[in-house]
Amino acid sequence: MSRAVALGVPLAACALVCALAASAVEAADDEPVDAASQPSKTVIAHRGASGYLPEHTLPAYALAHGMGADYIEPDLVLTRDGHFICLHDIYLQATTDVEQVFPDRARDDGRWYAADFTLDEVRQLQAEERLGNRFPKGRSRFVVPAFTEMIELVQGLNERTGRTVGIYPELKAPEWHRAQGLPMEESLLEVVGRYGYVEQGAPIFVQSFEAESLKRLRALGSELRQVFLMAEVAQYRSFLSAEGLAGVAGFATGIGPAKTMLERQPELIGWAHDAGLTVHPYTFRADQVPDRYDSHEAELRRYLFDLGIDGVFTDFPDRARAVVDEP
Ligand code: G3P
Ligand code: CA
47 MSRAVALGVP
57 LAACALVCAL
67 AASAVEAADD
77 EPVDAASQPS
87 KTVIAHRGAS
97 GYLPEHTLPA
107 YALAHGMGAD
117 YIEPDLVLTR
127 DGHFICLHDI
137 YLQATTDVEQ
147 VFPDRARDDG
157 RWYAADFTLD
167 EVRQLQAEER
177 LGNRFPKGRS
187 RFVVPAFTEM
197 IELVQGLNER
207 TGRTVGIYPE
217 LKAPEWHRAQ
227 GLPMEESLLE
237 VVGRYGYVEQ
247 GAPIFVQSFE
257 AESLKRLRAL
267 GSELRQVFLM
277 AEVAQYRSFL
287 SAEGLAGVAG
297 FATGIGPAKT
307 MLERQPELIG
317 WAHDAGLTVH
327 PYTFRADQVP
337 DRYDSHEAEL
347 RRYLFDLGID
357 GVFTDFPDRA
367 RAVVDEP
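The sequence shown begins at 47 in the working numbering and counts up one residue at a time.
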């Protein structure tokens with residue numbers, strides 16, 4: 047656990063302390079660090095430093111920046127009025143108090159969909175931790191950020207610290223959004239382009255579980271790096287071969303498989319590398335270490351150094367940073 051969090055320092059101060067600590071480290075190095083060009087293993091803060099603070103909140107993103115993440119991940123969904131917000135689910139009730147604030151706005155399936163709410167309405171909600179064993183529910187105050195607020199936070203901290211921490215946005219359920227009249231790909235390119243993420247080497251990875259969405263982004267002219275996410279379900283089986291991964295290279299620059307897929311089929315890593323694809327598996331959690339590992343660090347070392355992956359999605363970016371930086 048971060049010492050600042052353990053001591054109960056208020057969140058804003060904690061984020062500032064962490065950011066300034068990172069700044070002090072970087073001050074020893076005259077050249078600003080360009081994370082996009084670093085050959086080192088990539089530390090991706092999954093939903094921010096979500097092991098410590100509620101996922102997809104600005105404090106969780108700020109803490110991740112201060113903890114030395116190379117990239118910070120927002121999952122993205124769209125509001126009814128077409129704004130990206132940082133949220134893992136296409137509905138709101140798992141991580142906000144929407145049921146209390148808007149009791150009559152659920153659909154027939156009993157879910158409160160973000161696509162039925164305006165950004166102004168979402169701003170009225172309190173965000174809270176999803177998992178029971180993490181940040182105490184009901185404590186402090188968190189909100190659901192707009193994607194633009196997340197970008198401005200990261201870019202502001204980059205300016206203040208001299209580090210270039212990138213963003214790693216995931217489009218959630220793009221086909222579903224399109225069916226709701228909310229196409230995501232055009233909007234994403236407009237937003238990230240407005241904030242300077244245009245060139246091939248810009249410090250951004252765009253990720254999706256849907257190949258068609260990544261292909262659509264390419265068809266719209268995007269040259270940004272793209273990561274094709276894969277889960278252990280049938281729809282991805284056709285990609286799990288040397289030939290299949292060579293095909294992925296036609297619309298992505300990397301893959302993001304569930305880490306268990308690599309444990310089961312480690313040859314995927316070599317096939318991906320042969321196809322020119324990076325490999326960034328998800329999700330490494332210090333509070334959910336599989337029994338076969340003695341420690342979280344042992345699990346990280348196994349994937350990073352024995353299996354040879356290129357980076358990790360982690361809820362605990364400080365722990366991954368320490369392992370990646372081991373001499
Ligand atoms: O995007 C990588 C990983 O986050 C995918 O799983 O469900 O946490 O978005 P999920
Ligand atoms: Ca994600």
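Beta carbons are placed, not taken as given, at the ideal position from N, Cα and C, and that holds for glycine.
Every value quoted in this text rests on a predicted model; they were computed, and no experiment measured them.
LEU177 lies in the alpha helix (DSSP H); which residues open and close that run? What you label residue 177 is simply residue 131 of the sequence shown in a count that begins at 1. Element bounds for LEU177: n/a, residue is neither H nor E.
Best match in THR164, GLN201, HIS129 for proximity to LEU104 [C-alpha to C-alpha]: On the sequence shown, position 58 is the one that residue 104 refers to. Answer by Cα proximity: GLN201.
Determine the DSSP secondary structure at ARG283, reduced to helix, strand or coil. The sequence position of residue 283 within the sequence shown is 237, counting from 1. Looking at ARG283 - three-state DSSP - the assignment turns out to be helix.
Alpha-carbon spacing of ALA82 relative to ALA219, whole angstroms: Here residue 82 corresponds to residue number 36 of the sequence shown, with the count starting at 1. Here residue 219 corresponds to residue number 173 of the sequence shown, with the count starting at 1. With a pLDDT of 44 at ALA82, under the threshold of 50, the modelled position of that residue is not reliable, and the figure given next carries that caveat. Rounded to whole angstroms, ALA82 to ALA219 spans 27 angstroms at the Cα level.
Quick one: using the 10 Å Cβ neighbour count with 16 as the cut-off for buried, is ARG331 buried or exposed? Locating residue 331 in the sequence shown gives position 285, counting from the first residue. ARG331 comes out buried.
Determine whether the beta carbon atoms of ARG157 and GLN172 lie at a separation below 8 angstroms. Against the sequence shown, residue 157 aligns to sequence position 111. Against the sequence shown, residue 172 aligns to sequence position 126. No, they are not a contact pair.
Whole-angstrom C-beta distance between ARG176 and THR141, which should lie under 8 angstroms: The sequence position of residue 141 within the sequence shown is 95, counting from 1. The sequence position of residue 176 within the sequence shown is 130, counting from 1. Sure, about 5 angstroms apart at Cβ, within 8 angstroms.
Can you tell which of THR324, ASP371, GLY322 has the C-alpha that lies nearest to the C-alpha of LEU346? Indexing the sequence shown from 1 puts residue 346 at position 300. Nearest of THR324, ASP371, GLY322 to LEU346, Cα basis: ASP371.
Thinking C-alpha only, which one of ASP116, ARG206, ARG209 is nearest PRO363? Here the question's residue 363 lines up with position 317 in the sequence shown. Nearest option by C-alpha distance: ASP116.
C-alpha gap between ARG185 and GLY293, whole angstroms: Counting from 1 along the sequence shown, the entry for residue 185 is found at position 139. Counting from 1 along the sequence shown, the entry for residue 293 is found at position 247. Computed Cα separation, rounded: 47 angstroms.
Quick check: what's the CA-CA separation for LEU124 versus PRO373? Here residue 124 corresponds to residue number 78 of the sequence shown, with the count starting at 1. Here residue 373 corresponds to residue number 327 of the sequence shown, with the count starting at 1. Rounded to the nearest angstrom, the two C-alpha atoms are 43 angstroms apart.
Sequence-distant residues of its chain with Cβ nearer than 6 angstroms to GLY242 (five each side left out): Taking the first residue of the sequence shown as 1, we reach residue 242 at position 196. Counting only Cβ-Cβ distances below 6 angstroms, and skipping sequence neighbours, we find nothing.
Same chain, Cβ closer than 8 angstroms to ALA52, neighbours up to 5 away in sequence not counted: For the purposes of this step, residue 52 is taken as the residue at position 6 of the sequence shown. Low local confidence applies: a pLDDT of 33 at ALA52 is under 50, so the model's placement there is unreliable, with the coordinate-based value given in what follows. Counting only Cβ-Cβ distances below 8 angstroms, and skipping sequence neighbours, we find nothing.
Just the residues with CB closer than 7 angstroms to a heavy atom of ligand 1, in chain order, which are they? HIS92, ARG93, GLU119, ASP121, HIS134, GLU216, GLN253, LEU275, GLY302, TYR328, THR329, PHE359
Short CB-CB distance (under 8 angstroms) between ALA298 and chain B: The structure shown has no chain B; it contains just one protein chain.
Buried or exposed: where does LYS449 fall if 16 or more other Cβ atoms within 10 Å of its Cβ makes it buried? Any question about residue 449 goes unanswered here, given that the chain covers just 47 to 373.
Status (buried if at least 16 other CB within 10 Å, exposed otherwise) for VAL279: The residue given as residue 279 occupies position 233 in the sequence shown. When all chains shown are included, VAL279 counts as exposed.
Start and end of the beta strand (DSSP E) containing ALA91? In the sequence shown, counting from the first residue as 1, residue 91 sits at position 45. From DSSP, the beta strand (DSSP E) with ALA91 extends over 88 to 91.
Helix, strand or coil: how does DSSP classify GLU256 here? Here residue 256 refers to the residue found at position 210 of the sequence shown. Correct three-state label for GLU256: coil.
Excluding the five sequence neighbours on either side, which residues of its own chain have a C-beta within less than 6 angstroms of the C-beta of LEU263, listed in chain order? Position 217 of the sequence shown holds residue 263. Result list for LEU263: GLU231, in chain order.
Closer than 7 angstroms by C-beta to ASP127: which residues in its own chain qualify, once you throw out the five before and the five after it? Chain order, please. Taking the sequence shown and counting its residues from 1, one reaches residue 127 at position 81. So the list reads THR164, LEU165, once near-sequence residues are dropped.
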